[in-house]
Amino acid sequence: MQIPQTTSPTHFIRQIISNDLSTNKNNSNVATRFPPEPNGYLHIGHAKSICLNFGTALENNGTCNLRFDDTNPEKESIEYMESIKRDVAWLGFEWTELRHASDYFEQLYQYAVELIQKGLAYVDSLSAEDIRLYRGTLTQAGKESPDRNRSITENLDLFARMRAGEFADGQYVLRAKIDMASPNMNMRDPAIYRIRSVHHQRTGDAWCIYPMYDYTHCISDAIENITHSLCTLEFADHRPLYDWVLEQLQTPCHPQQIEFARLQLEYTIVSKRKLNQLVTEKHVSGWDDPRMPTIAGLRRAGFTSQSIKDFCERIGITKQNSWIEMGVLEYCIREDLNVNAFRAMAVLEPLRVVITNYPKDKIENLEISNHPQREELGKRIVPFSKTILIENDDFSENPPAKYKRLSVGEEVRLRGSYVICCDEVIKNADGEIIELHCSYDENTLGKNPEGRKAKGVIHWVDEASSHAAEIRLYDRLFTVPQPDNEENFLDVVNPNSLQILNSCRVEASLKEATLEHRYQFERTGYFCLDSDSTSEKLVFNRTVTLRDSKE
RNA sequence: UCCCGAGUGGUGUAGUGGUAGCACAGCAGACUUUGACUCUGUUAGUAUAAGUUCGAUUCUUAUUUCGGGUGCCA
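Residues in the first sequence are numbered consecutively from 3, following my numbering.
Rendered as structure tokens:
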């Protein structure tokens, strides 16, 4: 007997947590958070983090907050916050609480005062340039700022006046007093507050000093009683600072920061700066362009949230930097859509076929299953008459070996309909094929012809009852697996990443297509209705092709 | 070699001091009213060198390769 494997594979973070649970660490609570900065749209890499954080909470009956890391008002906006909430919700996760680092600005300030009082922070008047010079290099220790031993009283006064807006941007900065000789640059008296007289999207003009990430993140985690603070590898060097801050202060708890490798997906980029550039320079139509690796783009392309979650589970969680092949993502969406997408027929590049021996005005309303393996999904009506359209590609005058489509003198099955034989090719004055004359075998509806076998099965639509449609064929946005390695990633944008087909014809039933449904256009791929679609003009996006094993 | 991290088939990821498993990709075949799906079979791997051990992919050391680190970004 086979026991179905339903448990997810383990990974090192699951092991750490199950170990913590077994020792009753954190009173056996599990609290995580997803902490995006609202300075761009969420992308597939964020999806990995979202699935990890929310998933970890779900698996352990814990909590997971959505917390906006909004400490840099110059780059952040409400629009991005809204898009992030929408995308997390679309993925199917519910945050326990919605928080903002800016909710803690007053507490953060008071903790900073506490640091100053303990002689662990000081106000520095060095310029940004000088601070950089004083910091030293990777191989050389830094040297201390002349202001490092400013008195506590003076520091307190200056910090209060920084808050009060008495100084210009950049005139002073609050620094943690740690160790200018540390081999870890993050510990060389990092800045924890800077003066920035800018309007904040949530706190308005209440503040002109804003806390830095390292200082803010650990305290925010502690305030929210986070148990496991999961972040990407590049923050590993910051962990000593994360721990240092919490060790100096009387915070509610001391969360454990654990780092994992960020997602690297071939043929995509996830740098917010570059993604932004693609949008602003109009290489794509927007953040939700189906070629974008953003959640919004994937959604518009027709990806399901389930397929993305499945993908995130499959790629695993480790500390190894690795590249995921596009084939994995494609497999995940095909696996979902194969089971759940309704089947339909669409002809992308039509070729007219007249069935010479079919009655002139006859129309047969054929009933065809919506899914070959799932009868419960019902049937649809597909009209059939004397003049139909087939895919231009599905006919060849000089068929190669093993050709399974139509050619002169050969028979093919029209999917869900009759077997036809091509008798004659009609060409125009330029010698281009404009029409095919075929004959049908009336005894082949729902049964095989006797004594012979059709070469293959092709899709079709009835010309009169079909609808015009625009079909957008999307392909990978870049021509190389690692566009980030290029001198200029714009040089390797795939010029053929979008092909718009305007003379497509889709079967009558597709008139009722909805944004929520996914479709498999038989033999051509998986598609979804695009939001640009109108009742006059249907627009479909190709999510992914079908697997293709023909050589 | 200033600090930190990581090396398991083509890719990703498990595992144990005792025959290295799974998935994707690939290849071959079966089935097929989708060249889809499904099914079957199959190719291919522990970075290198020493050491400990009856036995090392696992433990130790060295080497090597790759990634990250010098924002008043996150």
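Think of the CB as a built atom: it goes at the ideal place given N, C-alpha and C, for glycine as much as any other residue.
(request) Specify, as a first and last residue, the run of the alpha helix (DSSP H) that Thr282 falls within. (result) 274-282
(message) Rounded to whole angstroms, what is the Cα-Cα separation between Asn498 and Ser307?
(response) Annotation: Asn498 to Ser307 spans about 27 Å, alpha carbon to alpha carbon.
(request) Work out the CA separation of Leu391 and Ser467 for me, nearest whole Å. (result) If you take the alpha carbons of Ser467 and Leu391, they lie about 11 Å apart.
(request) Starting from Leu300, trace the alpha helix (DSSP H) both ways and give me its first and last residue. (result) 297-303
(request) Give every residue of the same chain whose Cβ lies closer than 6 Å to the Cβ of Ser65, excluding the five residues on either side of it in the sequence, and list them in chain order. (result) It is worth fixing the name first, because residue 65 is Thr in this sequence and not Ser. Excluding sequence neighbours, Thr65 sits near Ala33, Ala59, Thr98.
(message) Going by DSSP, what residue range makes up the beta strand (DSSP E) through Gln522?
(response) 520-523
(request) Tell me, to the nearest whole angstrom, how far the beta carbon of Asn504 is from that of Thr481; I am working on the premise that it is less than 8 Å. (result) Contact doesn't hold; Cβ gap of about 25 Å is too wide.
(request) Tell me whether the beta-carbon of Tyr195 lies closer than 8 Å to the beta-carbon of His219. (result) no
(request) Would you list, in sequence order, the uninterrupted beta strand (DSSP E) runs of no fewer than 3 residues that lie entirely inside the stretch 313-384? (result) 344-346, 352-357, 366-371
(message) Measuring CB atoms only, is the stretch 148-158 touching the stretch 109-124, in the sense that at least three cross pairs come out at less than 8 Å?
(response) As far as the Cβ criterion goes, the stretch 148-158 touches the stretch 109-124, which means the pair count is three or higher.
(request) Determine the extent of the alpha helix (DSSP H) in which Lys457 is found, giving its start and end residues. (result) Lys457: not part of any alpha helix (DSSP H); DSSP gives it neither H nor E.
(request) Consult DSSP for Ala470 and reduce its assignment to one of helix, strand or coil. (result) strand
(request) Could you tell me if the beta carbon of Arg376 falls within a distance shorter than 7 Å of some heavy atom in the ligand GTP? (result) What this structure holds is no ligand at all, so the ligand GTP is not there to describe.
(message) Measuring only the C-alpha atoms, how far is Asp105 from Ile370?
(response) 57 Å
(request) For Cys334, collect the residues of the same chain with a Cβ closer than 6 Å to its Cβ; drop the 5 residues on either side in sequence, then sort them by chain order. (result) Ser309, Asp312, Phe313
(message) Relative to the C-alpha of Gly411, which candidate in Ile383, Cys440, Ala403, Lys388 has its C-alpha closest?
(response) Cys440
(request) Have a look at the DSSP bridge pairing and note the partners of Asn543. (result) Arg474, Cys530
(request) Compare the Cα-Cα distances from Cys53 to each of Asn372, Glu96, His202 and report the closest residue. (result) Glu96
(request) List the residues that DSSP assigns as beta-bridge partners of Glu437. (result) Arg354, Ile428
(message) Taking the beta carbon of Val341 as the centre, do at least 16 other beta carbons fall within 10 Å, making it buried, or is it exposed?
(response) exposed
(message) Runs of 4 residues minimum, wholly inside the stretch 184-263: which ones carry the alpha helix (DSSP H) assignment?
(response) Counting only runs of 4 or more, we get 215-225, 241-250.
(message) Tell me which residues share the same chain as Gly202 and place their Cβ nearer than 6 Å to its Cβ, disregarding the 5 neighbours each side in the sequence.
(response) It should be pointed out that residue 202 corresponds to His in this sequence rather than to Gly. Excluding positions up to five away in sequence, the list reads Pro75.
(request) Please look up how many angstroms separate the CB atoms of Ile228 and Pro257, rounded, as I've assumed it's under 8 Å. (result) 4 Å
(message) Please state whether the Cβ-Cβ distance between Tyr269 and Arg35 is less than 8 Å.
(response) no
(request) With DSSP as the reference, label Asn498 as helix, strand or coil. (result) coil
(message) Please identify the residue among Pro451, Arg415, Val200 whose C-alpha is closest to the C-alpha of Ile460.
(response) Arg415
(request) Rounded to whole angstroms, what's the CA-CA distance from Leu93 to Glu61? Just pull it up for me. (result) 16 Å
(message) Once DSSP output is grouped into helix, strand and coil, what is the label at Ile5?
(response) Low confidence applies to Ile5: its pLDDT is 34, below 50, so where it sits in the model is not reliable enough to give any reading.
(message) Within a Cβ cutoff of 8 Å, which residues of the same chain sit near Arg407, ignoring the five residues on either side of it in sequence?
(response) Asp395, Asp396, Phe397, Ser398, Pro401, Val414, Lys457, Gly458, Ile460
(message) Going by C-alpha to C-alpha distance, which of Asp425, Val330, Asn367, Leu339 sits closest to Asn355?
(response) Looking at the sequence provided, one finds Val at residue 355 rather than Asn. Looking at the Cα atoms, Asp425 is the closest of the given residues.
(message) Mapping the DSSP letters down to three states, classify Ile593 as helix, strand or coil.
(response) The question about residue 593 has no answer here: the residues shown for the chain are numbered 3 through 553.
(message) Using only the alpha-carbon positions, how far apart do Tyr528 and Thr141 sit?
(response) 55 Å
(request) Under 8 Å by Cβ, that's how I've got Ile435 and Lys429 pegged, so tell me the actual separation to the nearest angstrom. (result) 6 Å
(message) Given this structure, state the Cα-to-Cα distance separating Trp289 from Arg302, to the nearest angstrom.
(response) Using only the alpha carbons, I get a separation of about 10 Å.
(request) Identify whether Val286 lies in helix, strand or coil by the three-state DSSP scheme. (result) DSSP, reduced to helix, strand and coil, places Val286 outside both helices and strands of the structure shown, so it counts as coil.
(message) The beta strand (DSSP E) that contains Thr306, what's its start and end?
(response) No beta strand (DSSP E) holds Thr306; DSSP gives it neither H nor E.
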